[in-house]
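Student: Residue numbers for the sequence shown follow numbering that gives the first Met the number 0, beginning at 0 and rising by one.
Yeah, the Cβ is synthetic: ideal placement off N, Cα and C, and Gly gets one too.
Below: one structure in structure tokens.
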Amino acid sequence: MNLKIKAYRHYCNNLLKKNSNPLIINLIEYSNKAMKGFLENRNFHINFCPWREKSFILGIEKWISNGKSFIKYNDKLFNKINKNPIQFGYRYIIYSFKKKNAPNKELVYIGYTKHLERRLKNHIFDSLESSSYENKPRYLVDAIKKEIISEFPKIEIILTQSYPNLKINDVYEIYDFIKKNKGSELSKKIYLLLKEIVFKKKFTLKILELHRNRRSALNREKYLIKNYTHIIKNSVKKGTIWPNGFNMKSGGGGGSQKNYHVPIYDYVGLVSLGLKHEAIIKILNKSYKRKYPSSTVSESISEYFSSYRDLQSQILKPVIELLIKDNKIITLQEISSILDWDPKTLGIKIKKWYNGNGFKDLRLLMKARIEDWDNLNHNSSEIAKSLRGYTRNQWKKWLINSSKEFTMEKLAKKLHLSKHYLYKKDFVSALSRVLIGSEILSLNELKRELKILTTIKLLRQSEDPKDILEYHFCIKYKSPSQLKSFYNRIFKTRGISFFDIIEKYSDKSEKIQKKYFKRY
């Protein structure tokens, strides 16, 4: 793939020239960062696709790494890959139909598709249509129609037995019924019946090749239609164009399609700037002075990403995340403005990306220094609200601080809350779940529990209880009895004394007790 980002560069330059919003510079800077990461990973169709890990499991990574853009039915690993080709990046199928019975016995049709089941439906429904192509030869369609007509009495009996109220007198009425009742359970069952009676009994379906990209599939389809060797009445035939097969021309059903080389990197870059599909098509057409069909561009994108939304999540999401974390940006409307998006639409998109966490939730998480947003869950916004934009460690320091200078009134003022709010059960309950993983309804009880947990943790790290008292709880040491009294008081709910605490949690218990109480 040639590295083309001409359209992306032109668009960035025009943005800077025409837009007076200073935040446009930030958008382009963050887009460039996202693009740099993308371009450093040039072999992105291997690294970005979800089938790579599966490839290692089945031992076909070497095959994929060798750049094999398609795999044939007689290749060694074909059967393994064909069980779930999309997992390995093979999205395009070249298939054949071979007639089992006369007339036209052993004639072959070769086609290309991305969705085989959908293509089979189209073949059947085309054959049922009465008037659209009456004056044009359609060799495969006509062959299918003849088989449906010959089997119609059997089809009619099965339908009448299963659905007594269903009145269908000929194959054209089947088409009319399916068209009027598209998507209904009955129309689906009729299709499956036709598939079973006609396709499976009168034709042999074979997948010839699996392809990674559309261009490769189209080229191979044309080649095989011209060169596929097969036998008719013990005679070797080359190609499947009528009368050697059912194909009408070398391009199959898609013979009129051109092989456009779509500038993928440009497309990706423009998505990172927030542009939508149709707007990107216009920019590509203008930059490269050609007309890219929208469907062709979509097909090319789908070779590397499962969908346009998937591409957005990989290249636009990092840009928006950087914008949210940018201190120069205050509101969602500012981001919407530079992306030229509706704020409501952007808000919905952000919530989908971050598991229900909206713009305000993410800003709170950022203040709380929770900046890894890849694995956020639905509780993350509640955590952010509970912490009021501060870290867990900061809250723990505040709540274990027993200094007379640091009061709850001062903390409430710092947080722009009332003292009463700090003691509310709902707030304390949410805060305790965040800080210690269990529910406590009293702020004083939460403070006590945090002191207990802090003491245990620091004793296990060989800290002296006097240092814990002074440096962590901010209480000036006066005497051993004061030390003993303090720890007895906070551990009262656990039913253990100061000496028990030292012996249980400190590896220096003997030394501590000698130091303060000369017990040994």
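Please report the distance separating the alpha-carbon of Val433 from that of Tyr29.
Tutor: When rounded, the distance between both Cα atoms is 33 Å.
Student: Could you have a look at Ile500 and say whether DSSP puts it in helix, strand or coil?
Tutor: In the structure shown, Ile500 sits in a helix (DSSP, three-state: H, G or I).
Student: Suppose you measure from the CA of Gln512 to the CA of Asn487; what does that come to, to the nearest Å?
Tutor: C-alpha separation (whole angstroms): 15 Å.
Student: On the DSSP bridge list, what partners appear for Thr228?
Tutor: Beta-bridge pairing links Thr228 to Lys237.
Student: To the nearest angstrom, how far is it from the Cα of Asn459 to the Cα of Ile495?
Tutor: The residue you asked about is not Asn; residue 459 is Arg in the sequence shown. Whole-angstrom Cα-Cα distance: 17 Å.
Student: Taking the alpha-carbon of Tyr291 as reference, which of Ser305, His276, Phe304 has the nearest alpha-carbon?
Tutor: Nearest option by C-alpha distance: His276.
Student: Taking only runs of the alpha helix (DSSP H) that begin and end inside the stretch 304 to 379, which ones reach a length of at least 4 residues, in chain order?
Tutor: DSSP runs (the alpha helix (DSSP H)) wholly in the stretch 304 to 379: 307 to 310, 316 to 324, 331 to 338, 342 to 352, 358 to 366.
Student: Would you identify the three-state DSSP class for Leu209, choosing helix, strand or coil?
Tutor: Leu209: strand per DSSP, three-state reduction.
Student: Please state the DSSP three-state secondary structure of Pro143.
Tutor: Looking at the sequence provided, one finds Ile at residue 143 rather than Pro. Correct three-state label for Ile143: helix.
Student: Taking buried to mean at least 16 other C-beta atoms within 10 Å of its own C-beta, is Ala6 buried or exposed?
Tutor: Answer is buried; the Cβ neighbour count reaches 16.
Student: In its own chain, which residues sit with a C-beta less than 8 Å from the C-beta of Lys479, not counting the 5 before and 5 after it?
Tutor: The question names Lys, but residue 479 is Pro in the sequence shown. Taken in chain order, the residues that qualify are Tyr515, Phe516.
Student: Is the CB-CB distance between Lys205 and Tyr72 below 9 Å?
Tutor: Result yes, Cβ atoms of Lys205 and Tyr72 sit closer than 9 Å.
Student: Measuring CA to CA, which of Gly110, Leu449, Tyr504 is closest to Thr239?
Tutor: Checking every option, the nearest Cα to that of Thr239 belongs to Gly110.
Student: What do you reckon, are the CB atoms on Lys237 and Asn246 nearer than 9 Å?
Tutor: The answer is no: Cβ separation not under 9 Å.
Student: DSSP has Tyr108 in a bridge; who is on the other side?
Tutor: BP columns for Tyr108 point to Phe96.
Student: How about Phe405 and Cys473: are their beta carbons less than 9 Å apart?
Tutor: Their beta carbons are under 9 Å apart, which means Phe405 touches Cys473 by this criterion.
Student: Taking its Cβ as the centre, do 16 or more other Cβ atoms sit within 10 Å of Ala101, making it buried, or is it exposed?
Tutor: Classification for Ala101: exposed.
Student: Looking at Phe497 and Leu482, is the spacing between their C-beta atoms short of 9 Å?
Tutor: Yes.
Student: So, under 8 Å CB-CB, Ile337 and Leu26 are touching, yes? Tell me the CB distance rounded to an integer number of Å.
Tutor: Rounded, the Cβ-Cβ distance is 5 Å, consistent with contact.
Student: Counting along the chain, where does the alpha helix (DSSP H) carrying Lys456 start and finish?
Tutor: Counting along the chain, the alpha helix (DSSP H) containing Lys456 begins and ends at 442 to 459.
Student: Let me know the secondary structure DSSP gives Gly244 once reduced to three states.
Tutor: Strand at Gly244.
Student: What first and last residue would you give for the beta strand (DSSP E) that runs through Phe69?
Tutor: Residues 69 to 71.
Student: Considering only residues of the same chain and omitting the five flanking positions on each side of Leu410, which have a CB-CB separation below 6 Å?
Tutor: Contacts found: Trp397.
Student: What are the partner residues of Thr203, as DSSP defines its beta bridges?
Tutor: DSSP output for Thr203 lists Lys97 as bridge partner(s).
Student: So what's Phe389 in DSSP terms, helix, strand or just coil?
Tutor: Here residue 389 is Tyr; the residue named in the question, Phe, does not match the sequence. Three-state DSSP puts Tyr389 in coil, outside helix and strand.
Student: Could you give the distance in angstroms between the alpha-carbon of Ser484 and the alpha-carbon of Ala429?
Tutor: Straight-line Cα distance between these residues: approximately 31 Å.
Student: Identify every residue that forms a DSSP beta bridge with Tyr91.
Tutor: Tyr91 pairs with His210.
Student: Report the three-state DSSP secondary structure of Cys11 (helix, strand or coil).
Tutor: Note: Cys11 maps to helix in three-state DSSP.
Student: Using three-state DSSP, classify Leu414 as helix, strand or coil.
Tutor: Here Leu414 sits in coil by DSSP.
Student: Assuming Pro342 and Gln332 are in contact, meaning their beta carbons sit under 8 Å apart, how far apart are those beta carbons, in whole angstroms?
Tutor: About 5 Å separates the two Cβ atoms, so the contact holds.
Student: Give the DSSP-derived three-state secondary structure of Phe516 in the structure shown.
Tutor: In this structure, Phe516 counts as helix in the three-state DSSP scheme.
Student: Going by C-alpha distance, which of Leu158, Arg211, Ile92 is nearest Tyr190?
Tutor: Of the candidates Leu158, Arg211, Ile92, the one whose C-alpha sits nearest the C-alpha of Tyr190 is Leu158.
Student: With a threshold of 16 other CB atoms inside 10 Å of the CB of Arg8, please say whether the residue is buried or exposed.
Tutor: Result: exposed.
Student: Going by C-alpha to C-alpha distance, which of His210, Asp175, Leu193 sits closest to Ser149?
Tutor: Comparing Cα-Cα distances from Ser149 to each of His210, Asp175, Leu193, the minimum goes to Leu193.
Student: Report all residues from its chain with a CB closer than 7 Å to the CB of Ser581; omit the five preceding and five following residues, and keep chain order.
Tutor: The chain is shown from 0 up to 519; residue 581 falls before or after that span and cannot be answered.
Student: Which residues bound the alpha helix (DSSP H) around Leu288?
Tutor: The sequence shown places Lys at residue 288, rather than the Leu named in the question. Here Lys288 belongs to no alpha helix (DSSP H), and DSSP marks it neither H nor E.
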